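Chains as they are written, first to last, in this note's numbering: chain A, 1 to 377; chain B, 1 to 623.
Glycine residues also receive a C-beta, built at the ideal position from the N, C-alpha and C atoms.
Note that the coordinates shown come from a computational prediction; the quantities given were computed from them, not determined experimentally.
As structure tokens, the structure follows; a few thoughts come after it.
Below, the structure is given as structure tokens:
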């Protein structure tokens, strides 16, 4: 009797199966983000915090819709969803809004969306479906790598020409993480990494001037303190001067006196670290670690390969976001423009992350669902 | 080859492989998070102090506070140089979205001012967007308040209040007070105000001489600023210290009166208290508007001042050197008395004095008396009264140049009168050694004759003449010439200049007769009544008169071009019964001392006798 009913979970069963601790952690981190935005607005709730809240609520709606969908439908349309998101990237190149020389946003019905934020997840959907459906794992045939490579390289290429190096990096690493989990032989990874290093001098020629500058600046931020290095130097000053306990909520001098650029988006961790110090920063990182740890545990409960690849891919993308952002503001990585999930002010990233966690939760709810090897549609 | 190397994708024992690889990736994530934690620990714990300092440097900016310049008062306590509020407008580009619109609106609000928009716009484009640029300076209060009422229409424009120097005293005081202007390049290292963008320093006169004490001390404040440099709030403040106020010994009424009586002629006046050494007036004419330099002056205006033949920018009373002419004769007479010449000795004047001169064809060089037909027999009293040149040729020749030079130097010729004026010239007292050192040729006897009547190499200034006469007439009391009152000045009465009272009496009698008896050179300028003046005229040539010219008949001065006419000089003292004041008047190319200078001196003495300056003098408490 149970074997029949498990495929027919009612909506209440599904709601009951949601991991509410995961949701609690998400809400906690979101709350910290709202506090930070309130501080940056100098105590003005109506500027950034209110919009942040609205976006989170919209994100929650997406989360529940995606989580409660039939997993089979998601599996079935995985390629189509991916192709649709690639189409959006192409449309973007034609009609996108150019801001600061980059086409990243597409506007419709009063909303501005960043399709590249969603591609991070649709790419994982496509890869998961591909590896789930792949036959004959033992067959020694390199063409098995051809389609996954296309699935990764096409969106990465479109995002690079926007140009948005940071997002392309996250998409690329997210895709690679799924290929890794799917079991690709180590030696291909090693030769891939070697190949990448060897091709760096060639890639270098294709980088735009400002991107080269950023790399130079990364290696020596004091090179030009009011130019590219200015952001990272000021960010380090803000974090460092925060000390162990921080300067206190809404007391960050660097942030409140506008020494920090883009505080509400990519550099929000800096302001948080300045006001709450080392202890606050570490607590925030621990919250992210807990969130990722729980997500990985959830992912491993799934029985179908599709669910596992998808869930673990979502975890990896989320991790890459957090790591690249904090690595960037602390001066460990070049400044590449990656937001800090749930905290940075930005609509597309919020909705995309919630979409990702919706997928993860869907897999978790339907951990017992078995999927046949899928066709294209 | 192991099995694992054979396949592109490992044979899927699905869950085992995924679990293993997930474990690896999870450990990697934990490792990377640890690196972030370590990085934060390094920034926020290890390097905390370094970044704290950098953060404070970022937000705290040091701003300077301009000190007010010391006020300059006159003898009566009237302020001569004060500070006025200066109303200016600056623009900060980052504070406006459209600076051209703001400037256009400003033009509408203040249609009566001129803005060189082309120059301004190019400056705005060149300057960093957060640095204020001056748009208008020195607005009137009316304009300034009109702007303030409409300030909402001009985004990015800020009205500001600073200080500017204002001279209340008009043209008569321009030279002695001087003026201030922005620092010269070479001052940037030494001037203590140099860090201030609006810093000015004195360029002439008292403003320059006393610049260090007038300028005051900078204040400063620490302000919290945002990344654009905008002031958010003041953290602490150390007020600037106003420069020291200065009271001059100049009586501004007398100064005005002297200036007025020079009547736009090119010349100068010095009035000295012969007991205290205080200078009551130091006047130079013509002059210029002292407030001209508080704004930037147009090159046209500047050129008209510098090219003017009457040299209005020069303080002639201390910076212009003139041959003293006959005004040196009292000192030459004193040298003669001290060297054994009797005052009773008579010398016959036939209008000329001849000496041998091998360099001339005739072998004889002739020195003429100003009176062509000669004075006949003259003694010392008569010689001073009628200013007989032949008498002085003869006695000069007898005592020699070095004796004359010694007496002149003793009374202050050839030395600076004041120790503070950069523009002061010290004149020349010629002597044998002087000529050898500065010209390199030996002294010739004919030059002694020229020097004996204050011509030749002799040069002096108006201030020097009145000081020298003062120290002679007061009986050889050495006085310290002052222009700035000094309450703490020790009254040193012990310093004496070697002077025999009998000799002084002879000279005084000669000068009194020159002014107050019929036939004296300045008799026409005498002051009737109880209070009388006495003095010596001087007419100094600025050209060599050739013998041919002399034979064709001397041209009258008013037939010559202005710059070839003789200088007119007069030195005098009064009242003769109890001398208080020494006055020197020089009229450049005025024709003669008796005609041009003595009448001016006479009016000045009359003023001095009518107005007791000692009673008017009022000590200022805040000096």
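Strictly below 9 Å CB to CB, what residues from chain B border residue 300 (chain A)? 15, 18, 19 and 22
For residue 520 (chain B), is the classification buried or exposed, using 16 other Cβ atoms within 10 angstroms of its Cβ as the cut-off for buried? buried
Which whole-angstrom value describes the C-beta separation of residue 322 (chain B) and residue 567 (chain B), a residue pair presumed to lie in contact below a C-beta threshold of 8 Å? 5 Å
Going by alpha carbons, who is nearest to residue 193 (chain A) out of A:211, A:173 and A:52? A:173
Out of B:530, B:507 and B:420, point me to the one whose CA is closest to residue 483 (chain B)'s CA. B:420
Closer than 9 Å at the beta carbon, the chain B residues around residue 181 (chain A): 17, 18, 21, 22 and 25
Based on Cα-Cα distance, which residue from B:135, B:42, B:395 and B:200 lies nearest to residue 164 (chain B)? B:200
With DSSP run on the structure shown, which of helix, strand or coil describes residue 257 (chain B)? helix
Consider the C-beta atom of residue 22 (chain A) and the heavy atoms of the ligand GTP; say whether any pair is separated by less than 8 Å. This structure simply doesn't include the ligand GTP, nor any ligand for that matter.
Mark residue 214 (chain B) as exposed unless 16 or more other C-beta atoms lie within 10 angstroms of its C-beta, in which case mark it buried. buried
Spell out whether any CB of chain C is found under 9 Å from the CB atom of residue 289 (chain A). Among the protein chains of the structure shown, namely A and B, there is no chain C.
Residue 525 (chain B) vs residue 584 (chain B) beta-carbon contact at 9 Å: no
For a cutoff of 9 Å on Cβ pairs, would you count residue 167 (chain A) as touching chain B? no
Where residue 587 (chain B) falls: helix, strand or coil (DSSP): strand
Name the chain B residues whose beta carbon is nearer than 8 Å to that of residue 330 (chain A)? 36, 39, 40 and 43
is_contact[residue 207 (chain B), chain A] using C-beta, thresh 9 Å: no
Three-way DSSP call (helix, strand, coil) for residue 159 (chain B) in this model: strand
DSSP state of residue 349 (chain B) mapped onto helix, strand, coil: strand
For residue 180 (chain B), list the residues DSSP reports as bridge partners. B:202
Would you call the stretch 400-417 of chain B and the stretch 376-389 of chain B touching, i.e. three or more CB-CB distances under 8 Å? no
Taking a cut of 8 Å between CB atoms, which residues from the stretch 232-243 of chain B lie near chain A? 232
Can you list, in chain order, the residues of its chain whose CB lies under 7 Å from that of residue 178 (chain B), leaving out five sequence neighbours each side? 202, 203, 204, 205, 206, 207 and 208
For residue 277 (chain B), tell me which candidate among B:599, B:82 and B:468 has the shortest Cα-Cα distance. B:468
Does the stretch 331-346 of chain B come into contact with the stretch 425-440 of chain B, if we say contact requires no fewer than three beta-carbon pairs (one atom in each stretch) closer than 8 Å? no
Chain A partners of residue 47 (chain B), CB-CB under 7 Å? 240
Going by DSSP, name the residue or residues bridged to residue 268 (chain B). B:284 and B:586
Excluding the 5 residues flanking residue 353 (chain A) on each side, which residues of the same chain have their C-beta closer than 6 Å to its C-beta? 341
Does any residue of chain A bring its CB to less than 9 Å from the CB of residue 221 (chain B)? no
Checking 9 Å against the spacing of the C-beta atoms, do residue 316 (chain A) and residue 25 (chain B) come in under that value? yes
Buried/exposed call for residue 308 (chain B), threshold 16 Cβ in 10 Å: exposed
Taking Cβ positions only, does residue 32 (chain B) come closer than 9 Å to chain A? yes
Min CB distance residue 171 (chain A) to chain B below 9 Å: no
Work out the CA separation of residue 105 (chain A) and residue 118 (chain A) for me, nearest whole Å. 12 Å
Roughly how many angstroms lie between the CA atoms of residue 80 (chain B) and residue 113 (chain B), to the nearest whole one? 29 Å
Please report the distance separating the alpha-carbon of residue 3 (chain A) from that of residue 56 (chain A). Because the pLDDT of residue 3 (chain A) is 40, which lies under 50, any placement of that residue in the model is unreliable, and the question is left without a value.
Could you have a look at residue 138 (chain B) and say whether DSSP puts it in helix, strand or coil? strand
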